[in-house]
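A.B. asks: Below: one structure in structure tokens.
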Amino acid sequence: MKTVKLRIIVEVLRSLASRAYTLKYPKIASPAPQGFRGKLEYDIEKCTGCAACVENCPASALKSISDGDRRTIEVWYGKCIYCGRCEEVCPERAITLTTTYSLVTGRKEDIKSSVQLEINRCLRCGKPVATARQIDKVRLQVKDLVLPEDYDAYLSSLCLDCKKAVQAELLLAGRM
Amino acid sequence: MSIDATLPIGPYHPALKEPEFFKLFLDGEKIVDVAIRLGYTHRGIEYLAERKTYNEIPILVERICGICSNVHPMCFCQAVEETWELQVPDRARYIRTIVGELERIHSHLLWAGIAAHIIGYDTLFMHFWKHREPVCELFEVLTGNRQNYAMNCIGGVRRDIDPTKHKALILETLSQIRPSLLRLKNAVTEDPVVRARIENIGVLSRDQARKLCVVGPVARASGLAIDVRKDEPYAAYREVGVDVKVLTEGDVLSKMLVRLLEALESMEIVKRALDAIPQGPIRLEPKEIVPGDGIGKVEAPRGEDIHYVRSNGTDIPERVKIRAPSYMNVPSIAPQIKGASLADASLIIAAVDPCFCCTERIALADVKTNRESSVDFESLAQRWRRKSKYSRKDGCV
Amino acid sequence: MKIFDWSRRKSPWAFHLNTGSCNNCDIEIVDVLTPRFDVERFGILLQGSPRHADVLLVTGPVTRQVLSRLRRVYEQVPKPNVVVAVGTCATSTGCYEGSYNIVGPVDRVIPVDVYVPGCPPRPQAIIDGVVAALEKFKAERSD
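Chains as they are written, first to last, in my numbering: chain A, 1 to 176; chain B, 1001 to 1397; chain C, 2001 to 2143.
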């Protein structure tokens, strides 16, 4: 009689002899490893409201809503594809993809999250300009330009049209 | 042979994971002919790719298919790098190789499990998928997700492989699953019941394979030694080397053996790449967008994947064309299934490892006059949107 | 009757329906049945016919070709049932928004009880989703 080597029996016996491979979730917790691309969280202290994340999201899960006095950046976790582009492009590193993976819900509108920032208004005409942090960041980056000191903070808080008008006045007055 | 019955398989069938439609024409128990109809997973990826920026497209094309999810972004990035004449750093090429080969292991084990499930051997199915789990968990640590790795970007890779933590973890995982994989391979070749189910079933001869231009393990199981990694090396394959596995019988057993041997070979390739990986940057930021066109070719677990990109100097590509390997392999189901008995139908369909979501491209053909025509995406989209509006009115809650 | 609710909760049979997804969510659903996660401990079996199912697991943004089939399958699943939309595409079409062939997320066609976002959701999240869906059986009867 031909003997048939049934290797699968060896494999089955090895599995029976070793520890059970099943993960007893949900009785025991099963956290995701470090570096897992899960639910994204904003750090409100660092966000400037520049909306770079909104521009670069492939799934359009992030929305930027500006209504005069406030800019809201909203993320809908039901649309997010957890790719990590927003984390990559944020210039302030205000976005982190945490290790939270279970976002089960009965109503998909509930899984939204947002940050809100105040928008500064133009000191000359009152039109909305940008968020305070964005203005400060730009000031830092152009600090080497020659500007009269008493006008530095004032100029940064103007809208584009008013800025042009005030700079023209300063040029004519010979102060720039 | 006369046709006395037709049997529709699909679009939803217990043996199939994706919607696809096969109409089998039967003469008693023997299959006389088959009509294949796809199109259920067409999502308009090429249309969407022409409306997204270059940085967003690797993330979009990753979601063409879940099992080949590293192949499509790598192929797209290679096509763009060829168009813009970008030189990818060496370390990035090695990391792309390592991730690609680990994906090949997980894809072949997945397929082997599904094939075992189809022949009714659920023990083997469970064991193959059990040994696939450590690879998925390894990916979760390396890339942040079990299936959609988001590793490839234009100019390199997004995450590095840490030489202290990750290298040891990769080697430990591979040494853990290798002996079991060898035992399971022998369980397939030495078990007479399994051999009776898969030997001499669904034979594709070498001439038929050449005429139909099949690619991948289906071709290599029929005696054609074609492999993009050897013929046109990309990433780090020129340095690391590949041993291409070729068998000649062309039946389901050969296809299974080719895949299992390739999975074992992939483990060796990963070890060689980990030993030889150089230090250096992992990403090169492109400086300018060069108009022109380029082609990227990658050996997916299912065969040769080709991406074509045409750039016009703006940050949105002009045309992206994708040719997935299953596009060439699915028509080869017809000669394999003719003459087979009905009980083997789903096994023969599964043996070419079809990935229908990869294959869903669109072409316009007039059935009455037998002519193909071409139309631009915008007018196609307008025509289909009108049809979709009517479908939505009928179908909505 | 309480015994029927208890039986339905303790051994829900599932039917899996792919409405045009990329297969990631489908692989994770099949993965949930394999030794690592093994939902058979909860009595969940994957069935071949919608008529045998209590839980309908739907993946994918709905494509035009699948639309009428989705409605037909939903009508064949016996009541009471729960529908679980697995994955970001089933919740909201994900990154395919704007394509000419996508007819909208699953809840534009059939009512959905539980959403499991993720791309793909981890198998542990799918288990959470099914457990949350089973709570609906209890809730449905109580009102």
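Every residue gets a Cβ at the ideal spot worked out from N, C-alpha and C, and that includes glycine.
Just checking, does the stretch 85 to 100 of chain A make contact with the stretch 40 to 58 of chain A on the three C-beta pairs under 8 angstroms criterion?
C.D. replies: The stretch 85 to 100 of chain A, when compared against the stretch 40 to 58 of chain A, does touch it at the 8 angstroms Cβ threshold.
A.B. asks: Compute the beta-carbon to beta-carbon distance between I2110/C and Y2074/C, rounded to the nearest angstrom, for a pair I have assumed lies under 8 angstroms.
C.D. replies: For the purposes of this step, residue 2110/C is taken as the residue at position 110 of the third sequence. For the purposes of this step, residue 2074/C is taken as the residue at position 74 of the third sequence. Contact flag correct, Cβ pair sits at about 4 angstroms.
A.B. asks: Alpha helix (DSSP H) containing R2008/C: first to last residue?
C.D. replies: Indexing the third sequence from 1 puts residue 2008/C at position 8. That run of the alpha helix (DSSP H) goes K2002 to K2010.
A.B. asks: Closest to Y21/A by CA distance: which of I2029/C, I2102/C, V2030/C and D2038/C is it?
C.D. replies: Taking the first residue of the first sequence as 1, we reach residue 21/A at position 21. Selected option, being the one with the closest Cα: D2038/C.
A.B. asks: Identify which residue in K1167/B, A1115/B, L1102/B and I1161/B has its Cα closest to the Cα of V1135/B.
C.D. replies: Residue numbering aside, residue 1135/B sits at position 135 when the second sequence is read from its first letter. Checked all of K1167/B, A1115/B, L1102/B and I1161/B; the closest Cα to V1135/B is L1102/B.
A.B. asks: For a cutoff of 8 angstroms on Cβ pairs, would you count E41/A as touching chain B?
C.D. replies: Residue mapping note: residue 41/A aligns to position 41 of the first sequence, counting from 1. Answer no: the Cβ-Cβ gap between E41/A and chain B never drops below 8 angstroms.
A.B. asks: Which residues in the same chain have their Cβ closer than 6 angstroms to the Cβ of R1272/B, if we skip the five residues on either side of it in sequence?
C.D. replies: Position 272 of the second sequence, counted from the first residue, corresponds to residue 1272/B. Here the set comprises V1240.
A.B. asks: What are the start and end residues of the alpha helix (DSSP H) that includes N2018/C?
C.D. replies: Looking up residue 2018/C in the third sequence gives position 18. No alpha helix (DSSP H) holds N2018/C; the beta strand (DSSP E) holding it covers W2013 to N2018.
A.B. asks: So is K63/A in contact with chain C if we call contact Cβ pairs under 8 angstroms?
C.D. replies: Numbered from its first residue, the first sequence carries residue 63/A at position 63. With 8 angstroms as the cut-off, K63/A does not count as an interface residue toward chain C.
A.B. asks: Please confirm whether R1310/B and H1108/B have their CB atoms less than 8 angstroms apart.
C.D. replies: What you label residue 1310/B is simply residue 310 of the second sequence in a count that begins at 1. What you label residue 1108/B is simply residue 108 of the second sequence in a count that begins at 1. No; because the gap between Cβ atoms is not below 8 angstroms, this pair is not in contact.
A.B. asks: Do S1332/B and F1356/B have their C-beta atoms within less than 8 angstroms of each other?
C.D. replies: Here residue 1332/B refers to the residue found at position 332 when the second sequence is read from its first residue. Here residue 1356/B refers to the residue found at position 356 when the second sequence is read from its first residue. Their beta carbons are not under 8 angstroms apart, which means S1332/B does not touch F1356/B by this criterion.
A.B. asks: Would you identify the three-state DSSP class for L1398/B, choosing helix, strand or coil?
C.D. replies: Absent from the model: residue 1398/B. The displayed extent of chain B is 1001 to 1397, so no value can be given.
A.B. asks: If you pair each beta-carbon of the stretch 1216 to 1228 of chain B with each one of the stretch 1241 to 1248 of chain B, do three or more pairs fall below 8 angstroms?
C.D. replies: Counting Cβ pairs under 8 angstroms, three or more are found: they touch.
A.B. asks: Is the beta carbon of L158/A closer than 8 angstroms to that of R124/A?
C.D. replies: Indexing the first sequence from 1 puts residue 124/A at position 124. Indexing the first sequence from 1 puts residue 158/A at position 158. Contact: yes.
A.B. asks: According to DSSP, what are the bridge partners of E1311/B?
C.D. replies: Here residue 1311/B is taken as the residue at index 311 of the second sequence, counted from 1. Note that residue 1311/B corresponds to Ser in the displayed sequence, not to Glu. Looking at the DSSP assignment, S1311/B forms a beta bridge with G1292/B.
A.B. asks: At which residue ranges does the stretch 1009 to 1096 of chain B contain complete beta strand (DSSP E) runs of 3 or more residues, listed in the order of the chain?
C.D. replies: Segments of the beta strand (DSSP E) lying fully in the stretch 1009 to 1096 of chain B: 1021 to 1027 and 1030 to 1037.
A.B. asks: Does the Cβ-Cβ distance between D1145/B and M1074/B come in under 8 angstroms?
C.D. replies: Counted from its first residue, the second sequence places residue 1145/B at position 145. Counted from its first residue, the second sequence places residue 1074/B at position 74. One detail in the question is off: residue 1145/B reads as Asn in this sequence, not Asp. No, Cβ-Cβ distance for N1145/B and M1074/B is not below 8 angstroms.
A.B. asks: Taking Cβ positions only, does S2099/C come closer than 8 angstroms to chain F?
C.D. replies: Within the model displayed, chain F is absent; protein chains A, B and C are what it includes.
A.B. asks: Find out if the Cβ-Cβ distance for the pair C1068/B, P1217/B is shorter than 8 angstroms.
C.D. replies: Numbered from its first residue, the second sequence carries residue 1068/B at position 68. Numbered from its first residue, the second sequence carries residue 1217/B at position 217. In this structure, P1217/B does not lie closer than 8 angstroms to C1068/B by Cβ.
A.B. asks: Does any C-beta atom of chain A lie closer than 8 angstroms to the C-beta of R2011/C?
C.D. replies: Here residue 2011/C refers to the residue found at position 11 when the third sequence is read from its first residue. Inspection of the sequence shows that residue 2011/C is occupied by Ser rather than by Arg. Chain A contact via Cβ: absent.
A.B. asks: Since L6/A meets chain B, which of its residues come closer than 7 angstroms, beta carbon to beta carbon?
C.D. replies: As a working mapping, residue 6/A is identified with position 6 in the first sequence. Near L6/A (Cβ distances below 7 angstroms), the residues of chain B are D1191.
A.B. asks: If we call anything under 8 angstroms between Cβ atoms a contact, is W1129/B one with D2031/C?
C.D. replies: Along the second sequence, one-based indexing puts residue 1129/B at 129. Along the third sequence, one-based indexing puts residue 2031/C at 31. Yes, they are a contact pair.
A.B. asks: Is V1141/B helix, strand or coil when you go by DSSP?
C.D. replies: If you number the second sequence from 1, residue 1141/B lands on position 141. Reduced to three states, the DSSP call for V1141/B is helix.
A.B. asks: In three-state terms, what does DSSP make of V2109/C?
C.D. replies: As a position in the third sequence, residue 2109/C is number 109, starting the count at 1. Coil, per DSSP.
A.B. asks: Quick one: what's got a C-beta closer than 7 angstroms to L132/A's C-beta in the same chain, skipping five residues either side?
C.D. replies: For the purposes of this step, residue 132/A is identified with residue 132 of the first sequence, where counting begins at 1. With the sequence shown as reference, residue 132/A is identified as Ala, and Leu is not the correct amino acid for it. Same-chain partners within the cutoff: E118 and N120.
A.B. asks: When burial is assigned at 16 or more other CB atoms within 10 Å of the CB, is V1080/B buried or exposed?
C.D. replies: In the second sequence, residue 1080/B corresponds to position 80, counting from 1. Buried, because 16 or more other Cβ atoms sit within 10 Å of the Cβ of V1080/B.
A.B. asks: Write down every uninterrupted run of the alpha helix (DSSP H) in the stretch 1234 to 1290 of chain B whose length is 4 residues or greater and which is fully enclosed by it, in chain order.
C.D. replies: 1237 to 1240 and 1252 to 1276, all fully within the stretch 1234 to 1290 of chain B.
A.B. asks: Assuming A1398/B is part of the alpha helix (DSSP H), what are its boundary residues?
C.D. replies: Residue numbering for chain B in the displayed model covers 1001 to 1397; residue 1398/B lies beyond these limits and cannot be assessed.
A.B. asks: Does any CB atom of chain C fall closer than 8 angstroms to the CB of G1250/B?
C.D. replies: Within the second sequence, the letter at position 250 stands for residue 1250/B. By this cut-off, G1250/B is not an interface position.
A.B. asks: Y18/A touches chain C at which residues, Cβ-Cβ below 8 angstroms?
C.D. replies: Taking the first sequence and counting its residues from 1, the one referred to as residue 18/A is at position 18. As written in the sequence, residue 18/A is Ser, which differs from the Tyr given in the question. None at all; the shortest Cβ gap to chain C is about 12 angstroms.
A.B. asks: Going along chain B in order, which residues have a C-beta closer than 8 angstroms to the C-beta of R37/A?
C.D. replies: Mapped onto the first sequence, residue 37/A falls at position 37. Result: G1144, N1145 and A1150.
A.B. asks: Kindly list, in the order they appear in chain B, the residues whose Cβ is closer than 7 angstroms to that of R2051/C.
C.D. replies: As a working note, residue 2051/C is residue 51 in the third sequence. Under the 7 angstroms cutoff, chain B gives no residues; its nearest Cβ is about 12 angstroms from R2051/C.
A.B. asks: Between L1110/B and chain C, is there a C-beta pair that is closer than 8 angstroms?
C.D. replies: As a position in the second sequence, residue 1110/B is number 110, starting the count at 1. It does: the Cβ of L1110/B has a partner Cβ on chain C nearer than 8 angstroms.
A.B. asks: What residues are listed by DSSP as bridge partners for I65/A?
C.D. replies: Walking along the first sequence from the start, residue 65/A turns up at place 65. According to DSSP, I65/A bridges with T72/A.
A.B. asks: Looking at the structure shown, is R2036/C part of a helix, part of a strand, or coil, going by DSSP?
C.D. replies: If you number the third sequence from 1, residue 2036/C lands on position 36. In the structure shown, R2036/C sits in coil (DSSP, three-state: anything other than H, G, I, E or B).
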